[in-house]
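Novice: A single structure is presented below for examination.
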Amino acid sequence: MDHSKEVEDALSIHTESTKLPDEAPDNQDLESQLGHQPAPEEKTPTDPNIVDWDGPDDPANPMNWSTGRKVGAIGMTRPLASTIIASGAEDVLVTFHSTNQTLGAFVTSVYLLGYCFGPLVIAPLSEIYGRTILYNVCNAFFFIFNIACAVANSLGSLIVFRLLSGIAASCPITLGAGSISDMVPLEKRGLAMVFWIMGPVLGPTFGPLAGAYLAQAKGWRWIFWLLTILSGVVFVITLLLMRESYAFVLLKRKTERLRKETGNSHLRSVLDTGRTNKDLLKFSIVRPTKLLFLSPIVFLMSLYLAIVYGYLYLLFTTFPRVFQDQYGFSNGAVGLTYLGSGAGAFLGLFFCGAVSDRLAKALKNRNGGDHKPEYRLPLMFIGALIVPASLFLYGWTTEYKVHWIVPIIATAIFSFGLFTVMMPTTTYLVDAYTTYAASVTAAATVIRSLLGALLPLAGSKMYDALGLGWGTSVLGFIAVAFIPVPFLFWMYGERIRKSKLFRVHF
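The sequence shown begins at 1 in UniProt numbering and counts up by one.
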């Protein structure tokens with residue numbers, strides 16, 4: 001694929017894959033109904049008043065940036081913060097003279113509730129003002145609220161500051177996929193998505209391990225001082241080095257500069273829709289919600305991902321019950337049990353990184369050279385089968401007190417399955433909604449984080465009532481019910497995306 005095609009992929013949402021074949025040429029396609037800008041060639045590129053990139057090799061185009069300039073530094077710190085306090089929750093309750101175990105769990109999970117609120121505002125703002133300003137503002141707030149957590153003088157204030165830090169921390173999770181779609185050509189996007197997803201999967205895994213030893217050695221407040229130090233370093237790095245990557249904003253700035261230089265007030269960006277920022281915000285603010293509830297693809301894929309991701313946090317709540325109470329591990333040793341999940345995630349990372357783009361390219365070449373978002377889904381077939389199998393293995397080996405290494409292996413298998421569900425799901429949605437990847441990622445992040453925050457709160461009572469075997473089997477049966485989802489969209493996804501019935505109007 002030449003560079004001009006890469007630019008088209010970066011600035012549109014696959015007009016060919018979303019336009020109905022039987023439509024008249026002047027009918028609106030799904031792109032325009034979603035508020036998407038037409039591709040550059042549709043805006044009469046010979047018009048001298050249209051401002052576009054200076055050819056396919058324009059160095060200002062983020063698609064042409066060097067690899068070093070495309071590497072981000074904020075993918076791991078935020079997810080790490082989501083679970084790092086889990087091992088110190090008991091110490092928090094002791095400090096504030098509370099015995100409420102639900103509140104203790106909520107100190108950890110309330111962070112994810114912030115992921116439910118932040119994306120709904122951050123994503124649309126980024127599609128108007130750009131990615132960089134949102135990254136920098138949220139990085140600053142994340143730094144401040146971690147300090148507030150470290151010095152909190154009550155359990156209530158700690159929970160509020162954790163919520164606010166979670167809202168700020170949702171920025172890289174929300175905008176990461178959009179930044180990737182800004183800079184990485186479609187054929188290489190799978191590998192880039194692997195490294196972006198590494199944060200949300202590995203961060204929660206290694207957080208409890210770091211938190212367990214730090215809380216034991218220095219107390220729970222030092223957990224937040226560590227996060228403050230890490231977030232401060234990231235803030236300085238991104239403030240100095242991060243550059244804007246969103247094509248809509250870059251071309252808008254270029255247009256404004258050329259207007260001043262030439263005095264031609266008729267110049268306009270090739271991506272200009274003619275709407276004011278107020279109108280754009282009005283359209284953009286509802287886009288994630290409408291995509292989530294009116295698009296069956298976005299809803300079902302996001303719900304499936306949310307359930308599997310929520311299981312990760314729910315399983316983590318069982319580790320003290322299983323490895324400390326049942327197998328007699330110390331507090332520090334319980335933290336080490338999370339490494340099984342981390343190992344599985346690493347295996348999933350390498351597997352998906354090696355296979356994703358190659359498989360999509362092979363399917364593209366086999367089917368006439370046209371890429372379809374559905375070519376990302378075959379990897380998900382594997383994860384859909386592995387996730388329920390690993391849940392059954394974990395549940396019944398812990399129920400019958402099989403040697404402790406077996407349930408740890410089960411968590412490794414689960415994390416491998418989680419990665420092979422999460423990566424193709426996210427890449428599929430980004431490929432289908434490239435320009436507005438931030439909005440579709442926000443929609444998925446909201447529901448994923450909501451279940452990640454709430455499921456652990458119900459875990460203790462469920463396992464008290466059903467035991468480890470049947471309690472985890474309930475999760476497994478739900479996962480079994482979702483096995484057909486990737487197969488459904490593999491066969492009918494393109495037809496659903498083209499169907500008039502499922503068009504989303506803004």
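All residues carry an ideal CB built from backbone N, CA and C; glycine is no exception.
Since Arg131 and Leu175 are thought to touch, with beta carbons under 8 Å apart, how far apart are those beta carbons, to the nearest angstrom?
Specialist: Here residue 131 refers to the residue found at position 131 of the sequence shown. Here residue 175 refers to the residue found at position 175 of the sequence shown. About 5 Å separates the two Cβ atoms, so the contact holds.
Novice: Out of curiosity, what's the CA-to-CA distance linking Ser499 and Ala410?
Specialist: The residue labelled residue 499 in the question sits at position 499 within the sequence shown. The residue labelled residue 410 in the question sits at position 410 within the sequence shown. Each residue's alpha carbon lies about 41 Å from the other.
Novice: Are Cys171 and Tyr213 closer than 8 Å when you measure CB to CB?
Specialist: Within the sequence shown, numbered from 1, the residue matching residue 171 stands at position 171. Within the sequence shown, numbered from 1, the residue matching residue 213 stands at position 213. Cβ distance not < 8 Å, so Cys171 and Tyr213 don't count as in contact.
Novice: I need the DSSP call for Val51, collapsed to helix, strand or coil.
Specialist: Residue numbering aside, residue 51 sits at position 51 when the sequence shown is read from its first letter. Reduced to three states, the DSSP call for Val51 is strand.
Novice: Distance check for Ser165 and Phe145, CA to CA, integer angstroms please.
Specialist: Numbered from 1 along the sequence shown, position 145 holds the residue referred to as residue 145. Numbered from 1 along the sequence shown, position 165 holds the residue referred to as residue 165. Rounded to whole angstroms, Phe145 to Ser165 spans 5 Å at the Cα level.
Novice: I'd like to check one pair, Tyr313 with Gly452: are the Cβ atoms closer than 8 Å?
Specialist: Position 452 of the sequence shown, counting from 1, holds the residue named residue 452. Position 313 of the sequence shown, counting from 1, holds the residue named residue 313. Yes; because the gap between Cβ atoms is below 8 Å, this pair is in contact.
Novice: May I have the straight-line CA-CA distance separating Trp490 from Leu475, to the nearest angstrom?
Specialist: Within the sequence shown, the letter at position 490 stands for residue 490. Within the sequence shown, the letter at position 475 stands for residue 475. In this structure, the alpha-carbon of Trp490 lies about 24 Å from that of Leu475.
Novice: Determine which residues share a DSSP beta bridge with residue 509 and list them.
Specialist: The structure shown has nothing for residue 509, since the chain only spans 1 to 506.
Novice: Return the first residue and the last residue of the alpha helix (DSSP H) that Pro378 is part of.
Specialist: Sequence index remark: in the sequence shown, residue 378 carries index 378 (1-based). Pro378 -> alpha helix (DSSP H) spans Pro378 to Glu399.
Novice: Is it the case that the Cβ atoms of residue 507 and Leu418 are separated by a distance below 8 Å?
Specialist: Here the chain has residues from 1 to 506 only, and residue 507 is not among them.
Novice: By a C-beta neighbour count over all protein chains shown, 10 Å radius and 16 as the cutoff for buried, is Ile408 buried or exposed?
Specialist: Locating residue 408 in the sequence shown gives position 408, where the first residue counts as 1. Ile408 should be labelled buried.
Novice: So Ser179 is in the alpha helix (DSSP H); what residue range does that whole segment cover?
Specialist: Numbered from 1 along the sequence shown, position 179 holds the residue referred to as residue 179. Element bounds for Ser179: Leu155 to Met183.
Novice: With distances taken from CA atoms, which of His97, His266, Tyr129 and Gly469 is nearest Leu281?
Specialist: What you label residue 281 is simply residue 281 of the sequence shown in a count that begins at 1. Considering only alpha carbons, the answer is Tyr129.
Novice: Ile50 and Arg268 look like a contact to me (Cβ under 8 Å); what is the Cβ gap, rounded to whole Å?
Specialist: The count along the sequence shown starts at 1 and reaches residue 50 at position 50. The count along the sequence shown starts at 1 and reaches residue 268 at position 268. Confirmed, Cβ separation roughly 7 Å.
Novice: By Cβ distance below 6 Å, which residues in the same chain neighbour Val110 in space, the five residues on each side in sequence not counted?
Specialist: Indexing the sequence shown from 1 puts residue 110 at position 110. Take Val110, set aside five residues on each side of it, and the residues of its chain with a beta-carbon closer than 6 Å to its own are Ile159, Arg162 and Leu163, in chain order.
Novice: Quick one: grab the DSSP three-state call for Arg243.
Specialist: Position 243 of the sequence shown, counting from 1, holds the residue named residue 243. Three-state DSSP puts Arg243 in coil, outside helix and strand.
Novice: With contact counted as at least three CB pairs below 8 Å, one residue from each stretch, are the region 93 to 108 and the region 425 to 441 in contact?
Specialist: no
Novice: So the candidates are Ala210, Phe316, Leu391 and Tyr246; which of them puts its Cα closest to the Cα of residue 511?
Specialist: As displayed, the chain neither begins before 1 nor continues past 506, which places residue 511 out of reach and without an answer.
Novice: Would Ser341 and Tyr115 be called neighbours here (beta carbons separated by less than 8 Å)?
Specialist: Within the sequence shown, residue 341 is the residue found at index 341, counting from 1. Within the sequence shown, residue 115 is the residue found at index 115, counting from 1. Not in contact: Ser341 and Tyr115 (Cβ atoms no closer than 8 Å).
Novice: Between which two residues does the alpha helix (DSSP H) carrying Met63 extend?
Specialist: By one-based count along the sequence shown, residue 63 stands at place 63. Met63 -> no alpha helix (DSSP H), and no H or E assigned at all.
Novice: Only counting the same chain, and skipping five residues up and downstream in sequence, which positions put a Cβ closer than 7 Å to that of Glu41?
Specialist: In the sequence shown, residue 41 corresponds to position 41, counting from 1. Only weak support is given to the placement of Glu41: the predicted model assigns it a pLDDT of 41, under 50, and the question is left unresolved by the model.
Novice: Compute the minimum distance between the beta carbon of Val334 and the heavy atoms of the ligand MN, and state whether it is under 7 Å.
Specialist: Questions concerning the ligand MN fall outside what the structure shown contains, since it holds no ligand whatsoever.
Novice: Among Glu244, Ile447 and Ser473, which residue has its Cα nearest to the Cα of Ile133?
Specialist: Start at 1 with the first residue of the sequence shown, and residue 133 comes out as number 133. Ile133 has its Cα closest to that of Glu244, out of Glu244, Ile447 and Ser473.
Novice: At the level of alpha carbons, what is the spacing between Pro486 and Val480?
Specialist: As a first step, residue 486 must be located in the sequence shown, where it is residue number 486. As a first step, residue 480 must be located in the sequence shown, where it is residue number 480. Their Cα atoms are separated by approximately 12 Å.
Novice: Would you list, in sequence order, the uninterrupted alpha helix (DSSP H) runs of no fewer than 4 residues that lie entirely inside the region 309 to 338?
Specialist: 331 to 336
Novice: For my contact list, Pro124 and Arg287 are in at a C-beta cut-off of 8 Å; report their separation, rounded to the angstrom.
Specialist: If you number the sequence shown from 1, residue 124 lands on position 124. If you number the sequence shown from 1, residue 287 lands on position 287. Yes, they are in contact, since the Cβ atoms of Pro124 and Arg287 sit about 6 Å apart, within 8 Å.
Novice: So, does the region 138 to 153 touch the region 220 to 229, judging by three or more C-beta pairs under 8 Å?
Specialist: yes
Novice: Would DSSP call Ser295 helix, strand or coil?
Specialist: In the sequence shown, counting from the first residue as 1, residue 295 sits at position 295. Coil at Ser295, not helix or strand.
Novice: Just to confirm my understanding: we take Ala360, look at its own chain, exclude 5 residues before and 5 after, and list those with CB closer than 8 Å. What are they?
Specialist: Reading the sequence shown from its first residue, position 360 is the one you call residue 360. Closer than 8 Å at the Cβ level, and outside the excluded window around Ala360, lie Glu187, Gly190, His371, Tyr375 and Arg376.
Novice: Exposed or buried, what is Leu468 when buried is set at 16 or more other beta-carbons lying within 10 Å of its beta-carbon?
Specialist: Start at 1 with the first residue of the sequence shown, and residue 468 comes out as number 468. Label assigned to Leu468: buried.
Novice: Please state the DSSP three-state secondary structure of Trp404.
Specialist: Mapped onto the sequence shown, residue 404 falls at position 404. The answer is coil: DSSP assigns Trp404 none of H, G, I, E or B.
Novice: Using DSSP with H/G/I as helix, E/B as strand and the rest coil, what is Arg497?
Specialist: Counted from its first residue, the sequence shown places residue 497 at position 497. Here Arg497 sits in helix by DSSP.
Novice: Tell me the residue span of the alpha helix (DSSP H) that contains Trp470.
Specialist: The sequence position of residue 470 within the sequence shown is 470, counting from 1. Under the DSSP assignment, Trp470 falls in the alpha helix (DSSP H) whose first and last residues are Ala437 to Ala481.
Novice: Look at the Cβ atom of Ile413, then the Cβ atom of Leu429, and state whether they are nearer than 8 Å.
Specialist: Here residue 413 refers to the residue found at position 413 when the sequence shown is read from its first residue. Here residue 429 refers to the residue found at position 429 when the sequence shown is read from its first residue. Going by C-beta atoms, Ile413 is not nearer than 8 Å to Leu429.
Novice: Locate the alpha helix (DSSP H) running through Ala150, then write down its first and last residues.
Specialist: Residue numbering aside, residue 150 sits at position 150 when the sequence shown is read from its first letter. It spans Arg131 to Ala150 - the alpha helix (DSSP H) in which Ala150 sits, taken as one unbroken run.
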